[in-house]
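> Take a look at the following structure, please.
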Amino acid sequence: MSFSPRDFRDCLGQFTTGVAVVTTRAEDGSKAGITINSFASVSLDPALVLFSVDQRAATHALFAGSCTRFCINILRQDQQAISELFSAPGQNGWETVGFEDDGHGMPRLRGSLAAFSCKRHAIHDGGDHSIIVGHVDNLVMGETGEPLLYYGGRYRGLKSE
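When the letters of the sequence shown are read in order and numbered with the UniProt record's numbering, they come out as residues 1 to 161.
Laid out in structure tokens, this is it:
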């Protein structure tokens, strides 16, 4: 390999991504979430989406193991604090986050641009990440607004023209 992991990460950072939070509920009823920017559509029929989760993440065992349902919440530009909350270990701020049940017992974040309620369809090896494919069985078009973006290692927003 003629490049370092840092070089690879820096080049990947040149691709602008949206920011989302995937939420779930553990068997004991506790809520968990993780900030992602690795979200993509896979198929329209059936409706499939994917995200990846680092195998070292505290929530990996939930998303790749015991929790088969989850909700992907696409964040608005003014929801950066929510993204930061779910990207940090511990996630002790659920009492500061507005959420509601997605109809399947999963927490859906209030105010998101859109939300996809999913049942896990497949898990694939992705090197140091697991690729989680979800079958979308419900969706919600949420609030209007600008998306929260991530580019070059920083949060960004769209420029109004």
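All residues carry an ideal CB built from backbone N, CA and C; glycine is no exception.
None of the values given here were measured: they were computed from a predicted structure.
To which residues of the same chain is residue 145 closer than 6 Å at the C-beta, ignoring the five residues directly before and after it?
76
> I need the DSSP call for residue 67, collapsed to helix, strand or coil.
Residue 67 sits in coil when the DSSP states are folded into three classes, being neither helix nor strand.
> Per DSSP, what are the beta-bridge partners of residue 125 in this structure?
130
> Go through the UniProt domain "Flavin reductase like" (12-157) residue by residue and report every complete run of the beta strand (DSSP E) that reaches 3 residues or more, in order.
20-25, 31-36, 39-43, 48-54, 69-74, 99-101, 107-109, 114-126, 129-141, 149-151, 154-156
> Give every residue of the same chain whose Cβ lies closer than 6 Å to the Cβ of residue 71, excluding the five residues on either side of it in the sequence, and list them in chain order.
23, 102, 106, 108, 115, 117
> Can you list, in chain order, the residues of its chain with a C-beta nearer than 6 Å to that of residue 111? Leave out the 5 residues immediately preceding and following it.
For residue 111, where only same-chain residues beyond five positions count, the Cβ hits under 6 Å are 143.
> State the Cα-Cα distance for the pair residue 17 and residue 84, rounded to the nearest angstrom.
Roughly 15 Å between the two C-alpha positions.
> Go ahead and pull the three-state DSSP assignment for residue 3.
If DSSP states are grouped into helix, strand and coil, residue 3 belongs with coil.
> Roughly how many angstroms separate the alpha carbons of residue 46 and residue 20, rounded to a whole number?
22 Å
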